[in-house]
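Trainee:
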Amino acid sequence: MPIPNPLVNRFPTGRAAPKRVATATALIFVASVLSGCGSSQSPTSKNPTEIETVEQSTSQQPGDASTARQSDVTTEPKPEPATVVPPVASDRDTKIARADQLAGQGKFSEAGDIYQSVLLSAPDDVEALFRLANVYAAIGNLEQAIEIIEEIPEDHPQAGLPALGQSADWYARLGNYDQSQKNFEKVLRLAPQAYVARRQLAFQLNRQGRRHEAAEHLRQLCRQGNILQDELHALISLSDPMFDDPSEPQPEGGGRRYTPIGAMGQARMLFGEHQYQQAADKVRSLVESGDAPPAVVAFYGRAVAEAQDDDQFRWWLSKTNDATKQFAEYWSAIGAFLMIDGKTKPAIRAFLEAVDRDPTDLASMSRLQSLFESTGQSAVAETWGERWRAVRDTVRANNRVADSQPPNVDEIANLANLLFELDRKLEAVMWKSIESLHRGLPKQQIAGLNEQRKHLIASNSGFPSQSRRLCDVEIDTYPLPQLETSGAVASAPIRSSEKIDPPLIAATFHNVASDISLTHVFQVGSRPKSEGFTIYQTLGGAVAALDYDLDGHVDLSLGQGSGEPPSYVGKLSNVLYRQVDDRLQEQTEAAGVSEYRYSSGMTVGDWNQDGFPDLVCANIGPNQLFINNGDGTFTSETLDDRNDLTLLPASLAVADLTGDALPDLFESNYIHDPDLARLPQRNAQGDVIQTLGPLTYQAGKDRLGINDGTGNVRFRPITSDKEVASPALGVVVTDFDPASGNEIFVGNDLKPNQLWVRDAGADAWNDAAILQGCAFGFSGAATASMGIAAGDFDRNGKIDLHITNFQDQTVSLFLGRQTGFQDRNVQWGLSTHSASVLGFGTQAIDYDNDSLLDLVVTNGHIENATVLAAPFQQPAQLFANRGNRFEWLNVDDRSGYWDAPHLGRGLARLDFNRDGNNDFVITHLGETTALMINATQTDNHWIQLQFIGVVSERDSIGTKITIRFDDQTRSEWITAGDGYFCNNESLIPFGLGPSKSIDEIQVDWPSGKQQTFTDVAVDQRLLILEHEDEPFTLPIGR
């Protein structure tokens, strides 16, 4: 069953910021130990975790002219500042000495008076100015301290740098970080080796969320050999935030806390939490003002690109310039925009530019992999997949190091080795020095690290080369993006979510299972089970809604497991319920549909075209076809003679797949492996410590079952390519494109999705998913792809697909466009809520009949394992369609179902009580199946349509229905498969909002026939027959 994709990029990839550990505040004192830069801090008692000095150097005071350009400035105010010794009279020296003594005693006012008396005689006495400024700082008057210390000329050969550094620190303490950073930058222009100034500047930039700017300074500290452990942590993943949890205690032994600074600091935190639009909002006014630093402008672009806010993106583009283009996040933004727009080659160039500047950019690597795959460069794509995994492993190792207390030296060594493999050699050497410190290695070995560092610096090989950063891809092979900025609005456009929406209609659903005698429970084995599932047991059971006796009331067929290996035959059968007087009566044995094999998928279709729906059940072992006899009974037929107990089939669909107006069968297959019954690992205490995923098994190959017209079926693989095998789960069949004939969309678990298109001339099926933009999600990675809901969510007349995914993966919302599909899950507000659960079945329902298709999702994890941070049982979700986004909606449910967590699996749409509202049924693992009746109170109107093909295949899969009312147009399609382990009731519901009539219903049949019906009344159910001039009215509930 699905596990987190090793190639999926979940943002963030793990908090790059460490929890503070004792060594995080200890200087890895390679400034003296390894750098040989010729300076050290003023003499102090040495931190016991510092590495002992190997290359000794003379200690210098900050005011010593001989070393002012090599040593750093003191950034902490001290009542007794460093000595600056100009040639002055002895009376002046006496006064200074007396004032220093008073300041040391805390008598700052008296000391200040003496310093001022010195300045009356010599206003340019820089030492007196420096000391007087420190007195004002000591009493908390930083503004006055800054005013005084800024009287010292910046170019003063002795005091200029210390004064700049000290004022920078005071500006930071006042919260004036812009001026603080300007002063630190001045220090570094004058003294590039001033590591304290560089450290303080990087610290501020990291806290401001300006991670890429901070990284430049931290890399320089690596070159100098003078870097702290927390700074090394900060280099691991630059897109992630670098902040301490404010609820955590102060680090042992003191140390710096990475608390966020300003709007950009908050924005970076929000970005790390996937709150992309909120992150952009934090800095939008700054970008609009024109005062934002280029890195902040670049970040804004990336945030709105990840939020899929096209209007904001185009406005942002007009705000960029050459300075913005120097930052990786500018190029990540450009790449994301171009990728979703289907401009593959310019998108590749943009992502290459991003990774060239930031080799830790996992998002861009993941997208490069999918883009190279889409251009047929599978080997290059796999190389980028390997790079993604290598960088991901460093992030995970980094987090383990940060979280370990006491320090885990083996993990530190592992992190260093991983960095060496990525050619991030200077970082690796720094981590090796930390390892050496903790292992207590002799000075000779530390000196060896020093020599290694020197060699890396001399050979300019401390960080990966461009060729290494880009996996040997020639960047100039791909064209630079050309994006138009003309016509951009002068101010940032108003976001759709800022507009005031009308209030939502309260959603009311009730689980009536116990009221209607619905007692079915899907059992995964011969006994109830709460953990330790085999992979086939994680899938759950199927549900099919059908009217098998044609009495106008929907009935239910439900799959069952219970069988155990080696036979996979159990004591419990699948169940068939007939609806009688608004209740369910079990008819399994009486109807002749008993099936004791372990069942998976299930579907409905009129196989023999006699007008009665037949039933198909997928099993471990032979699949079964139940032919409806028309008298309430079925005749069981084995579909083929294959009795393969190593094959796990998944979802099924019955539809015309050859264009001969006869129904065929599509069989998706998940796993085909002799180790199908493998159990997950447990620890010594018996706890499950493993989840079973498809990539550790041989995948199944999907099949077509071709109807020969006499009731027999001939199976063949969907493709003649023997290498094509993917773990399929959900399926939807309909006419996805303007050409005649049905296509097959298959959701694959951790492999690219497939969109099979038939070449009628060659009688072959070709996978068009990559070209059509629905193979990968927006992250660029293959996803778990369980449930599929089909419908026109954005009302543009093209079919869309909503696909549920694994925990920490966002859903995919593939919206149909002229040139294919675009995954717009973030733009439509689904990313955050969907990443918090593991989704299975999903359907498009209009819960309030306002004419906008909403979404319902059932959730639940695949294993109750100790290694999982996510809950095992999870709540269902309902999302209201607001026209351009979805909004999570609470449900009023007197039965209590909605407020409780479940292990949901299959989900099918139906109207059980024929009242015009969309109901749904949900299967679970080990829990009674739920039938959720829609009791939402609304005055909105509706219509429900059923169809019978005459020239077309009788179920008319692929038919497109378009209705027009009150200047609105809505489209729907008749589908087969219907998603994950389900079959919806064979009717097409339309919500009409307040409209009291329908202007037109247009039906485009698979045969090419088009029918139009005008002036149609609302709040009714109609049956439309191909070639019949008028529809038939069907009974409804009251």
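Converting from the sequence shown to this note's numbering requires adding 15 to each position, the first position being numbered 1.
Using N, Cα and C, we set each Cβ at its ideal position, and we do this for glycine too.
None of these values were measured; they are calculated from a predicted model.
Take the Cβ of Ser47 as the centre, count every other Cβ of all protein chains shown within 10 Å, and call the residue buried at 16 or more, exposed below.
Mentor: Bear in mind that a pLDDT of 32 at Ser47, under 50, signals an unreliable position, so the number given afterwards is only what the model happens to contain. Its Cβ being crowded by 16 or more others within 10 Å, Ser47 is buried.
Trainee: Give the secondary structure of Lys447 by DSSP, where H, G and I count as helix, E and B as strand, and everything else as coil.
Mentor: helix
Trainee: Have a look at Asp774, Pro767 and Glu166 and flag the residue whose alpha-carbon is nearest the alpha-carbon of Ala754.
Mentor: Asp774
Trainee: If you run the structure through DSSP and keep just helix, strand and coil, what is Gln552?
Mentor: coil
Trainee: Across the segment 696-707 and the segment 789-799, are there enough close Cβ pairs to call them in contact, namely three or more that are closer than 8 Å?
Mentor: no
Trainee: Which of helix, strand or coil does DSSP assign to Asn998?
Mentor: strand
Trainee: Could you check if Arg598 belongs to the surroundings of the ligand GDP, using beta carbon to heavy atom distance under 7 Å?
Mentor: Annotation note on the ligand GDP: not contained in the displayed structure, which lists no ligands.
Trainee: Within 8 Å, do at least three Cβ pairs link the segment 194-205 to the segment 408-425?
Mentor: no
Trainee: Would you tell me roughly how many angstroms separate the C-alpha atoms of Thr603 and Thr648, rounded to the nearest one?
Mentor: 9 Å
Trainee: Going by DSSP, name the residue or residues bridged to Thr1027.
Mentor: Gln1017
Trainee: Considering only residues of the segment 178-217, which uninterrupted beta strand (DSSP E) runs meet the minimum length of 3 residues and lie entirely inside it, listed in chain order?
Mentor: Considered as a whole, the segment 178-217 harbours no complete run of any beta strand (DSSP E) with no fewer than 3 residues.
Trainee: Taking only three categories from DSSP, how would you classify Gly726?
Mentor: coil
Trainee: On a CA-only basis, which of Ile276, Val936 and Lys360 is nearest Leu495? Give me that one, please.
Mentor: Lys360
Trainee: Within the same chain, show all residues whose beta-carbon is closer than 6 Å to that of Lys766, passing over the 5 residues directly before and after it, in chain order.
Mentor: Only Ser741 and Ala797 meet the Cβ criterion.
Trainee: So Cys632 is in the beta strand (DSSP E); what residue range does that whole segment cover?
Mentor: Asp629 to Asn634
Trainee: Here's the rule: buried if 16 or more other CB atoms are within 10 angstroms of the residue's CB, otherwise exposed. What is Gln420?
Mentor: exposed
Trainee: Distance, Cα to Cα, Gly578 vs Asn526?
Mentor: Our two residues, Gly578 and Asn526, have alpha carbons roughly 28 Å apart in a direct line.
Trainee: Would you list the residues sitting across from Thr359 in a DSSP beta bridge?
Mentor: Answer by DSSP bridge pairing: none, since Thr359 is not bridged.
Trainee: Please state the DSSP three-state secondary structure of Glu288.
Mentor: coil
Trainee: Considering only the alpha carbon of each residue, which of Arg213, Ile1003, Gln120 and Gly941 lies closest to Asn932?
Mentor: Ile1003
Trainee: Taking the alpha-carbon positions, what's the Asp752 to Ile1013 distance?
Mentor: 26 Å
Trainee: So, helix, strand or coil for Arg832, using DSSP?
Mentor: strand
Trainee: Could you please give the first and the last residue of the uninterrupted alpha helix (DSSP H) stretch that includes Val424?
Mentor: That run of the alpha helix (DSSP H) goes Val424 to Glu436.
Trainee: Under 8 Å between C-beta atoms, does Tyr192 make it to chain C?
Mentor: Any reference to chain C falls outside this structure, which holds one protein chain only.
Trainee: Can you tell me which of the three DSSP states Glu758 falls into?
Mentor: Strand.
Trainee: Contact defined as beta carbons within less than 8 Å: I believe Leu434 pairs with Ala443. What is the distance between those atoms, to the nearest angstrom?
Mentor: 4 Å
Trainee: Is Pro479 helix, strand or coil by DSSP?
Mentor: Reduced to three states, the DSSP call for Pro479 is coil.
Trainee: Kindly indicate which three-state DSSP category Tyr315 falls into: helix, strand or coil?
Mentor: Looking at Tyr315 - three-state DSSP - the assignment turns out to be helix.
Trainee: Under a Cβ-count criterion, where at least 16 other Cβ atoms within 10 Å of its own Cβ denotes burial, should Gln727 be classed as buried or exposed?
Mentor: Looking at the sequence itself, residue 727 is Asn, so the reference to Gln does not match. Asn727 comes out exposed.
Trainee: Just curious, the beta strand (DSSP E) that Met13 is in, first and last residue?
Mentor: Beyond the ends of the chain as shown, which are 16 and 1053, falls residue 13; an answer cannot be given.
Trainee: Whether or not the segment 240-258 and the segment 302-309 are in contact is what I'm after, with contact meaning three or more pairs of Cβ atoms, one per stretch, closer than 8 Å; do they touch?
Mentor: no
Trainee: Can you pull the DSSP bridge partners for Trp957?
Mentor: Gly1006
Trainee: Classify Glu610: buried if its beta carbon has 16 or more other beta carbons within 10 angstroms, exposed otherwise.
Mentor: buried
Trainee: Note down, one range per segment and in chain order, each beta strand (DSSP E) of at least 3 residues found wholly within the segment 665-728.
Mentor: 679-687 and 718-722
Trainee: Say whether the segment 676-689 touches the segment 854-866, bearing in mind that this needs 3 or more beta-carbon pairs closer than 8 Å, one atom from each stretch.
Mentor: No contact exists between the segment 676-689 and the segment 854-866.
Trainee: Have a look at Asn623 and Gly607 and give me their C-alpha separation to the nearest angstrom.
Mentor: Cα to Cα, Asn623 sits roughly 18 Å from Gly607.
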